[in-house]
Structures are given as C-alpha cells and as structure tokens.
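Note that full-length UniProt numbering gives residue 113 to position 113 of the sequence shown, counting from 1, and the numbers run on in steps of one.
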Amino acid sequence: MSQDARPVPMVRLQGVSKTYRRGTVEVPVLAAVDLTIDTGAFEAFMGPSGSGKSTLLNLISGLDKPTTGTAEVAGRDLAQMDDRELSDWRAAHVGFVFQLYNLIPVLTAAENVELPLLLTPLTRGERRRHVAAALELVGLPHRVGHRPPQLSGGEQQRVAIARAIVSDPDLIIADEPTGDLDRKAAEAVLDLFGVLHRELHKTLVMVTHDPHAAERAGRVHHLDKGVLQ
Ligand SMILES: Nc1ncnc2c1ncn2[C@@H]1O[C@H](COP(=O)(O)OP(=O)(O)OP(=O)(O)O)[C@@H](O)[C@H]1O
C-alpha cells in the first residue's frame with residue numbers, strides 16, 4: 001500500500017500543549033504531545049493523578065482547545081470549527097463513557113439511551129429501534145423501563161455505553177470506565193468494549209488506572225506530568 005493510500009488516522013495530535021491560567025499563574029498541563037491513533041484501534045492512557053489524562057481526552061473530543069499545536073480527529077482539524085460545528089461534529093462522531101455513568105436518575109434506561117438521538121432528525125419509531133438495538137447489544141433488553149437507582153453499577157455503566165453508541169459514533173472516549181465497578185462488573189464492561197472494537201470496528205480511547213483494563217487495549221500510553229512517555 002502506498003503512503004498516500006493509508007487510511008486517515010482517527011486522532012492526530014501534533015505539538016499539542018495545554019496551559020491553564022489560574023489568575024496570574026500559568027499551569028502547564030500537557031507539553032509537546034505528538035500522538036497518532038489509527039482508525040479502529042483500542043488504546044489506553046495511564047498515569048498518575050493530575051498527569052493530564054482527562055485534559056488529553058477533552059482535547060481529543062473537542063471539549064477543550066490546545067494552547068499550541070493541532071488536533072485532527074475523525075478527519076477534521078478541530079481548531080477550524082466554531083462551537084456550533086464542534087458540537088454537531090461531537091454528536092456525530094464521539095460517544096462518551098464516564099466513571100460515574102452520568103445517567104439522569106429520573107429517566108428510564110431507554111430514555112437515557114435515547115437522549116443523544118433527540119438532537120437528530122430520526123422519527124420517534126426510528127429512535128425506539130436504535131435504543132432497543134443498543135440496549136440489546138449491551139445485554140440489557142430486560143431493563144428498558146428501569147431507572148438508574150434501580151440498576152447495579154455495572155448495569156448503569158452498560159446503559160451509559162448503550163447511550164454512547166446509540167448514534168453510531170466512530171470514536172468512543174472512556175474516562176475511567178471501570179473505576180467504580182467491582183471486578184466482575186468491570187470485566188463485563190471490558191468484554192463489551194472488546195465487542196465494540198472487534199465486531200463494530202469502533203476506535204476506543206480509554207483512560208484507566210486499572211492494569212486489567214489497560215491489558216485489553218492494543219497499546220498503552222503513559223503520561224507523566226503532562227508528557228507522553
Ligand atoms: N479547567 C482547568 N483549570 C485549571 N486547571 C485545570 C483545569 N483542568 C485541569 N486542570 C489541572 O490540570 C492538571 C491535570 O488534570 P487532569 O484532570 O487532566 O489530570 P488526570 O491525569 O486526568 O487526573 P486524575 O487521574 O486525577 O483524573 C491538574 O493539576 C488539574 O488541576
């Protein structure tokens with residue numbers, strides 16, 4: 001295959017740094033990060049607390065902008081988009097999974113999963129079919145009418161994964177997805193990530209402190225004081 005025929009990587013960061021400003025004090029968080037993540041890869045990021053892992057995820061998902069350098073994700077230079085374009089781009093391309101699930105407690109599992117679809121032109125019937133398919137995929141078709149407080153932590157995280165994939169994004173970003181789960185529930189979530197990666201060809205980018213979780217990834221990056229090792 002010639003160089004030009006290579007598929008566009010899902011993530012390409014070049015010379016990315018991030019400095020936050022607290023009053024007059026500048027806080028450097030990421031320095032000179034060069035990173036390429038191929039489309040279809042499953043990659044993990046580990047590192048001590050405060051090393052910049054969540055900041056890196058925020059830059060990859062366009063939730064935050066680099067201080068210097070360029071971030072190209074899913075074929076777009078994120079700096080070239082205004083906030084409206086970025087939010088449409090995120091809705092189409094990125095699914096998020098958080099440590100504490102971030103489900104809305106008063107909504108049922110099905111209603112939580114449906115949320116990202118309310119921004120799309122899909123009809124109610126189409127939305128229902130997508131929601132049913134996503135909950136089936138995560139093994140929870142029998143929990144559609146349950147609300148988060150009626151579900152175990154592992155079930156809540158699987159509902160959150162259904163919500164992350166319901167709009168069929170290419171990129172799944174997971175920040176400590178097993179951080180609040182016992183081993184068995186964590187393994188179920190990681191098995192599911194394996195299915196998303198191998199069978200649905202999603203690109204997965206996961207931050208984790210859990211070596212068992214990192215083992216599932218094809219590549220593990222280490223961040224230390226904002227520097228990619
Ligand atoms: N919006 C912000 N304003 C100022 N400082 C920030 C902001 N966001 C993060 N920081 C600082 O940047 C550093 C890195 O934070 P980040 O959340 O990326 O680390 P992390 O590696 O994900 O940590 P943890 O494992 O504890 O979640 C921390 O010192 C944090 O205080």
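For every residue, glycine included, the Cβ atom is placed at its ideal position computed from N, Cα and C.
Keep in mind the model is a prediction, meaning the values are calculated, not measured.
Assuming residue i and residue j make a contact with CB atoms under 8 Å, what is their CB distance in whole Å?
i	j	result
residue 95	residue 165	5 Å
residue 173	residue 61	5 Å
residue 220	residue 214	5 Å
residue 223	residue 35	Contact doesn't hold; Cβ gap of about 10 Å is too wide.
residue 49	residue 30	About 15 Å; that fails the 8 Å criterion.
residue 190	residue 162	Not confirmed; about 16 Å, so no contact.
residue 209	residue 187	Residue 209 to residue 187, Cβ: 16 Å. No contact.
residue 81	residue 39	With a Cβ gap of about 20 Å, residue 81 and residue 39 do not count as contacting.
residue 217	residue 43	5 Å
For residue i, is the classification buried or exposed, using 16 other Cβ atoms within 10 angstroms of its Cβ as the cut-off for buried?
i	result
residue 156	buried
residue 1	Any reading at residue 1 needs caution, since the residue's pLDDT is 48, under 50, leaving its predicted position unreliable; the model's value is listed next. Per the 10 Å Cβ criterion, exposed.
residue 104	exposed
residue 52	buried
residue 201	exposed
residue 178	buried
residue 119	exposed
residue 106	exposed
residue 68	exposed
residue 130	buried
residue 79	exposed
residue 85	exposed
residue 212	exposed
residue 15	exposed
residue 152	exposed
residue 143	buried
residue 47	buried
residue 13	buried
residue 28	exposed
residue 158	buried
Measuring only from the beta carbon, is residue i closer than 7 Å to any heavy atom that is part of ligand 1?
i	result
residue 258	The question about residue 258 has no answer, for the chain in this structure spans 1 to 229.
residue 47	yes
residue 65	no
residue 51	yes
residue 152	no
residue 54	yes
residue 33	no
residue 205	no
residue 227	no
residue 27	yes
Three-pair Cβ contact test at 8 Å for the region 180 to 196 versus the region 8 to 22: no
Cβ contact check for the region 137 to 151 and the region 86 to 94: 3 or more pairs under 8 Å: no
Meets three-Cβ-pair contact criterion under 8 Å: the region 105 to 125 and the region 188 to 203: no
Ordered list of alpha helix (DSSP H) runs contained in the region 151 to 223, each at least 4 residues: 153 to 165, 183 to 198, 211 to 215
Contact the region 109 to 119 vs the region 68 to 76: 3+ CB pairs below 8 Å: no
Every unbroken alpha helix (DSSP H) inside the region 60 to 133 [4 residues or more]: 83 to 93, 109 to 114
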